[in-house]
Amino acid sequence: MRLTIHHELTVTPPEDAGSLVLQLLLTPANHGNQRVESWRVEMPGIGHAARFADAHGNTVHLVNLRPEGRLRISASGRVVTTDTNGIVAPSETEPVPTLYLRTTALTRVPVTLYGKFRNMKHDRIALLHALMERVSETYAEPGRQQQSQDADLQSQGQSQSQSQSQTQNSEEGAEPIPAEIIAPSAEQMAHAFIGAARALDIPARYVTGYLCGIDGHEGLHAWAEAYEPTLGWIGFDPELQLCPTDRHVRLAAGLDAADVRPVRAVPVAGEPETVSVEVSIA
Amino acid sequence: MLGRTAQNLFWLSRYVERAENMARLLEVGYRMSLTSHREGGESEHLISMMQAAEVDEAFEATGKVATVDTVAQFMVFDETNPSSVKACLFAARTNARSVRTAITSDMWESLNSAWLEFSQIKPRDVRGAKLLGLLQWIKQRSHEFRGALLGTILRDEGFAFSQAGNFVERADNTARILDMKYFVLLPRADLVGGDLDIQQWTLILRAASAHRSYRHFYRDRYQPEKIADFLILRHQMPRSLAHCSRMLGQTLDSLAELYGRRVDCHDAVAELCAMVEGTNMEKIFRRGLHEFLTEFIARNNRVTECLSESYNFY
Amino acid sequence: MDENVPFDEMYASDGSVREPYRVLKQWIEEQPERALTLMQSDAEGLFRKLGITFAVYGSDEGNEKLIPFDVIPRIISAAEWRRLSKGIEQRVRALNAFLYDIYHRQEIIKAGRVPEKLIVNNAAFCPQMMGLNPAKNVYAHIIGVDIVRVGPDEFYVLEDNLRTPSGVSYMLEDREAMMQLAPDLFQRSRVAPVETYPENLRRTLQSVAPDGSGSNPNIAVLTPGIYNSAYFEHSFLADQMGAHLCEGPDLFVEGGKVYMRTTTGPERVDVIYRRIDDEYIDPLTFNPDSLLGVPGLFNAYRAGNVTLVNAPGTGIADDKAVYTYVPAIIEFYLGEKAILNNVPTYNCTDEDQRAWVLENIGDLVVKEVHGSGGYGMLVGPTSTKAQQAEFKKKIEARPDNYIVQPTLALSTCPTYVQSGIAPRHVDLRPYVLVGDEVRITPGGLTRVALKKGSLVVNSSQGGGTKDTWVLED
Numbered sequence: 018m019r020l021t022i023h024h025e026l027t028v029t030p031p032e033d034a035g036s037l038v039l040q041l042l043l044t045p046a047n048h049g050n051q052r053v054e055s056w057r058v059e060m061p062g063i064g065h066a067a068r069f070a071d072a073h074g075n076t077v078h079l080v081n082l083r084p085e086g087r088l089r090i091s092a093s094g095r096v097v098t099t100d101t102n103g104i105v106a107p108s109e110t111e112p113v114p115t116l117y118l119r120t121t122a123l124t125r126v127p128v129t130l131y132g133k134f135r136n137m138k139h140d141r142i143a144l145l146h147a148l149m150e151r152v153s154e155t156y157a158e159p160g161r162q163q164q165s166q167d168a169d170l171q172s173q174g175q176s177q178s179q180s181q182s183q184t185q186n187s188e189e190g191a192e193p194i195p196a197e198i199i200a201p202s203a204e205q206m207a208h209a210f211i212g213a214a215r216a217l218d219i220p221a222r223y224v225t226g227y228l229c230g231i232d233g234h235e236g237l238h239a240w241a242e243a244y245e246p247t248l249g250w251i252g253f254d255p256e257l258q259l260c261p262t263d264r265h266v267r268l269a270a271g272l273d274a275a276d277v278r279p280v281r282a283v284p285v286a287g288e289p290e291t292v293s294v295e296v297s298i299a
Numbered sequence: 006m007l008g009r010t011a012q013n014l015f016w017l018s019r020y021v022e023r024a025e026n027m028a029r030l031l032e033v034g035y036r037m038s039l040t041s042h043r044e045g046g047e048s049e050h051l052i053s054m055m056q057a058a059e060v061d062e063a064f065e066a067t068g069k070v071a072t073v074d075t076v077a078q079f080m081v082f083d084e085t086n087p088s089s090v091k092a093c094l095f096a097a098r099t100n101a102r103s104v105r106t107a108i109t110s111d112m113w114e115s116l117n118s119a120w121l122e123f124s125q126i127k128p129r130d131v132r133g134a135k136l137l138g139l140l141q142w143i144k145q146r147s148h149e150f151r152g153a154l155l156g157t158i159l160r161d162e163g164f165a166f167s168q169a170g171n172f173v174e175r176a177d178n179t180a181r182i183l184d185m186k187y188f189v190l191l192p193r194a195d196l197v198g199g200d201l202d203i204q205q206w207t208l209i210l211r212a213a214s215a216h217r218s219y220r221h222f223y224r225d226r227y228q229p230e231k232i233a234d235f236l237i238l239r240h241q242m243p244r245s246l247a248h249c250s251r252m253l254g255q256t257l258d259s260l261a262e263l264y265g266r267r268v269d270c271h272d273a274v275a276e277l278c279a280m281v282e283g284t285n286m287e288k289i290f291r292r293g294l295h296e297f298l299t300e301f302i303a304r305n306n307r308v309t310e311c312l313s314e315s316y317n318f319y
Numbered sequence: 022m023d024e025n026v027p028f029d030e031m032y033a034s035d036g037s038v039r040e041p042y043r044v045l046k047q048w049i050e051e052q053p054e055r056a057l058t059l060m061q062s063d064a065e066g067l068f069r070k071l072g073i074t075f076a077v078y079g080s081d082e083g084n085e086k087l088i089p090f091d092v093i094p095r096i097i098s099a100a101e102w103r104r105l106s107k108g109i110e111q112r113v114r115a116l117n118a119f120l121y122d123i124y125h126r127q128e129i130i131k132a133g134r135v136p137e138k139l140i141v142n143n144a145a146f147c148p149q150m151m152g153l154n155p156a157k158n159v160y161a162h163i164i165g166v167d168i169v170r171v172g173p174d175e176f177y178v179l180e181d182n183l184r185t186p187s188g189v190s191y192m193l194e195d196r197e198a199m200m201q202l203a204p205d206l207f208q209r210s211r212v213a214p215v216e217t218y219p220e221n222l223r224r225t226l227q228s229v230a231p232d233g234s235g236s237n238p239n240i241a242v243l244t245p246g247i248y249n250s251a252y253f254e255h256s257f258l259a260d261q262m263g264a265h266l267c268e269g270p271d272l273f274v275e276g277g278k279v280y281m282r283t284t285t286g287p288e289r290v291d292v293i294y295r296r297i298d299d300e301y302i303d304p305l306t307f308n309p310d311s312l313l314g315v316p317g318l319f320n321a322y323r324a325g326n327v328t329l330v331n332a333p334g335t336g337i338a339d340d341k342a343v344y345t346y347v348p349a350i351i352e353f354y355l356g357e358k359a360i361l362n363n364v365p366t367y368n369c370t371d372e373d374q375r376a377w378v379l380e381n382i383g384d385l386v387v388k389e390v391h392g393s394g395g396y397g398m399l400v401g402p403t404s405t406k407a408q409q410a411e412f413k414k415k416i417e418a419r420p421d422n423y424i425v426q427p428t429l430a431l432s433t434c435p436t437y438v439q440s441g442i443a444p445r446h447v448d449l450r451p452y453v454l455v456g457d458e459v460r461i462t463p464g465g466l467t468r469v470a471l472k473k474g475s476l477v478v479n480s481s482q483g484g485g486t487k488d489t490w491v492l493e494d
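Chains as they are written, first to last, in this note's numbering: chain A, 18 to 299; chain B, 6 to 319; chain C, 22 to 494.
Written out as structure tokens, the structure reads:
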């Protein structure tokens, strides 16, 4: 499937910032199941940006500038995807899977989430699917599903650091409606899945990307990938309860959300705001 | 050289110079207060001295009555007074520590031992007759540091920034002393001057360590326009505005030569020099002494600003 | 060996003088009465004048202390040193190979020689270093190996310091002081020079500059500033090797390259000898609250435009829990047996070993895995019952947080104390430089526990230093 993506966001630097250093993780890479036909990241100062690969093999831009008011950043291009049932072709630049056994602050989960899967370790694939279902049920939006008995589970697994806000608009000229850059439910579920998998000695990593119209979901998204020795990395999207399809475009991978924030700045600007994300079939 | 290193060297010299000037001003205030026999005279002299040092408001904020003791404690030991000798020595030493690699060990040892010795002095032991001894000691340590600097430092950019700090601070100090008492220097009908005038003139000359050199230079009695002439226009006088601005000009020229380019601060210092070159006291009086000094102080500050912009102090 | 009589480096057990100390012994006997006392007080004046001090936290501003210096040198024979330096070189080569592997394919874990669990969740492991190729594949360029001696031929490595080992300025200043105080003693002995260290440090740093830095790369020492307890050393080393002494705000990153702010504008920096902890070097990648670091520095490093010395994440190789695996690490990468021994170490997570440890705690040394400088440590034989009980509880609560070793009878050296010359316990920290080649300065820093019977040599706990002589053949 050929997808066109246009992602616009803004950063408001602190008022007295003489200079600003930004790190962008807004560039998708070629994989067996995704080929980037064209891609551009645009913002002031991008012409002199340094570009390199980080520890996870993601493409990073490092931009310096003297900010004058609010900054606009855009990432756009065309990506061709194929559906591989979530299996991600291995890449030369990615680190050893054992790295992704590391526990981080954002991926701590209570034993009640994964304890019952301990006896399923012999069939990792089945285990991971069952875990996806369990995470999805446990962390489903309050009100939609049973909530009371899992309430404390939720608060324990909730992420502390991500309070990015975002606006999405589909109509030209409409006032943007504030919303999260990545839905907190998607991030929280991905973290819960990863934390549980790691507790079961399965390497798992956090993935950001774009989503093109599944069940009305569109825009910036997050899911997880877990490692299986024979198949390699396999994607699991607990929020949508499926393995990523040709409507998922992979942007960056890391230990957790803090590792792959699309925009990071020093001095800390207000959280970046997404103005719009449009993903459509070309 | 790092911009911060240049900045530290500049301020290192300024603070040592300032410590010395504070000691000198306090000495004048002390002497004046001793010779005042009027009721409240002691306090008046001390306050006017503190005005020249620009610390009068800070002193007022302490709520203390100005006596020799309280003022001496304030100007020598009070850490809340950013211009006290202690604060200056501490700031000088802190700057020096930051640039240990850019100063010679003789400079460091001179400053370090001055600080260590000063730290041993108990404020309550410095009363009455002991005060003059301490002030003399402070001046000597400043001379020693300057001697170490002149005798050992490489004649490169670091030397230039040190010298610049020294002369900017000294010019500022002399201009302030003059401005404080400018009204007693104005030409008047009674050229002789009464006792009070003589006392004021002596204060000005002493504050600039010029009371003896004035005699050598003019071989004359104290006359207000000559005092102004001596402290403003005479290059021979090492604390005069003319000498300080000329040295500052030469110092910045050496930087231009070293770096191969002239920058904003060279214009700023040229404007400063122009104020005291090719003029005379008559012209300055006609324009207004106070206005002249105010402008000089502003232009001198402008040199610091330009210097820090041109050479990346931060 | 009798536990109660530690090995003395000057006197053999039969009371005769050991060969390396023969000249020293003679010299001491020739000294007129009070000569050593005078020398000792001269030394103090000398150090104060040179400004070799360390700041004491929490004390008055400008209050700096001297680390006591002992005027009697510690002497190592040429043959002893040959063996030590071979062992040290072997160790640092293996540890650098280990670091490369751990931050790449992790073959040693796959081979099962080091447990996965030890690395994966270790706080000293730095995930951001994965896949990064430092210049010449060197991670730890400047290393201080802590060695203790317990017998004529028995040396143990206590700790490999691969983060930013300090103390090298004391090694150099101790020698300078000794040469001023006892020139005649030098004339009679053939002492290998340590004064080559700054030059070798510069050569090492130059050799690991990024490609394209030119023949004379620009070197900066990055210090947290004048309030750091080791600031003297930072400025000393910068001065001695002609490097720029920078604080975080003096540097900035642009276009993935590092520059200093100079009086004439930006100047490119190629190599940074940083004396700031990993966590603080770059607020963009690590601790966002750090004001000491340089935003984007780690990215510039990743992009290969600057070399950081030592590399971030070297702490995984000197972690106290990894320490026990160093002999296995040497075998795995070099195919050799370790020349220098580790101190036997008990693993408290093993139930049997823990039970034995708890029973015999009065004879053992307990160290916190992430402690340093003699804090968080129990020395069994000199501890009280209450302290032992406290540590027993701590071990039971968190067995993985402690390593336990036998109390070693550290060797003693004659030391000048109030009552005259008396034996005191010493350790040794030789300094190693790794760049295009391995350079080990003959000698190092000898730390001496000045209190009678004490085994704790840290300066924060009343230790002093000695000049350390390696004799030439």
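We put the beta carbon where it would ideally sit given N, CA and C, even for glycine. Just so it is clear, the structure is predicted and the values come from calculations on it, not from any experiment.
Among the CB atoms of chain C, none fall inside 8 Å of the CB of A/Thr29.
Spatial neighbours of B/Met80 in its own chain (CB-CB distance under 8 Å, excluding positions within 5 residues in sequence) are listed in chain order as Met27, Leu30, Leu31, Met55, Ala58, Val60, Asn86, Ser88, Ser89 and Val90.
For A/Thr98, the uninterrupted beta strand (DSSP E) segment begins and ends at Leu88 to Thr98. B/Cys249 sits close to B/Thr179, with the two beta carbons spaced by under 8 Å. If you check the CB distance, C/Leu431 and C/Val447 come in under 8 Å. What C/Arg289 touches in chain B, judged by beta-carbon distance under 8 Å, is nothing: the nearest beta carbon there is about 14 Å away. Collapsing the DSSP output to three states places A/Cys229 in a strand. Nearest in C-alpha terms to C/Thr335, of all of C/Ser106, C/Asp299, C/Glu352 and C/Val364, is C/Asp299. By the neighbour-count criterion, in which a residue is buried when 16 or more other Cβ atoms sit within 10 angstroms of its Cβ, C/Ser404 is buried. Residues of the segment 113-144 of chain C with a C-beta atom less than 7 Å from some C-beta of chain A are Arg126, Gln127, Ile130, Glu137, Val141 and Asn142, listed in chain order.
For A/His65, the closest Cβ of chain C is nearer than 8 Å. For B/Cys93, the enclosing alpha helix (DSSP H) begins and ends at Val90 to Ser103. Listed in chain order, the positions of the segment 289-317 of chain C with a beta carbon within less than 7 Å of a beta carbon of chain A are Pro304, Leu305, Pro309, Pro316 and Gly317. Distances from the CA of C/Pro89 to each of C/Ile360, C/Asp488 and C/Glu493 were compared; the closest alpha carbon is that of C/Asp488.
Taking A/Gly287 as reference, the option from A/Arg87, A/Thr76, A/Gln51 and A/Leu20 with the minimal CA-CA separation is A/Arg87. Partner residues in the beta bridge of A/Thr76, as assigned by DSSP, are A/Thr44 and A/Ala70. When C-beta atoms of the segment 139-153 of chain C are compared with those of the segment 365-378 of chain C, fewer than three pairs fall below 8 Å, so the two segments do not count as touching.
The segment 324-340 of chain C makes contact with the segment 179-188 of chain C: 3 or more CB pairs, one atom from each, lie closer than 8 Å. Straight through space, the alpha carbons of B/Thr99 and A/Leu42 are spaced by roughly 42 Å.
Pairing C/Arg296 with C/Gly456 gives a Cβ-Cβ distance that is not under 8 Å. Between the C-alpha atoms of C/Ala156 and C/Pro231 there is a straight-line separation of about 6 Å.
Here B/Phe318 is near B/Ala11, since their CB atoms are less than 8 Å apart. Of the other Cβ atoms in all chains shown, fewer than 16 fall within 10 Å of the Cβ of B/Thr40; this residue is therefore exposed. Distance check between B/Leu183 and each of B/Gly293, B/Tyr316, B/Leu263 and B/Leu312 places B/Gly293 closest, using alpha-carbon atoms only.
Residue contact with chain C for A/Pro112: present (Cβ-Cβ distance below 8 Å to some residue of chain C). For A/Asp33, the nearest beta carbon of chain C is not closer than 8 Å to its own beta carbon. In the three-state scheme derived from DSSP, where H, G and I count as helix and E and B as strand, A/Tyr244 is classed as strand.
C/Met31 has its alpha-carbon roughly 6 Å from the corresponding atom of C/Tyr42. Residue pairing from DSSP leaves C/Cys147 without any beta-bridge partner. Cβ-Cβ distances below 6 Å link A/Met18 to Thr98 and Asp263 in the same chain, with the five nearest sequence neighbours on each side left out; the list follows chain order.
Less than 8 Å separates the beta-carbon of A/Phe134 from that of A/Ala147.
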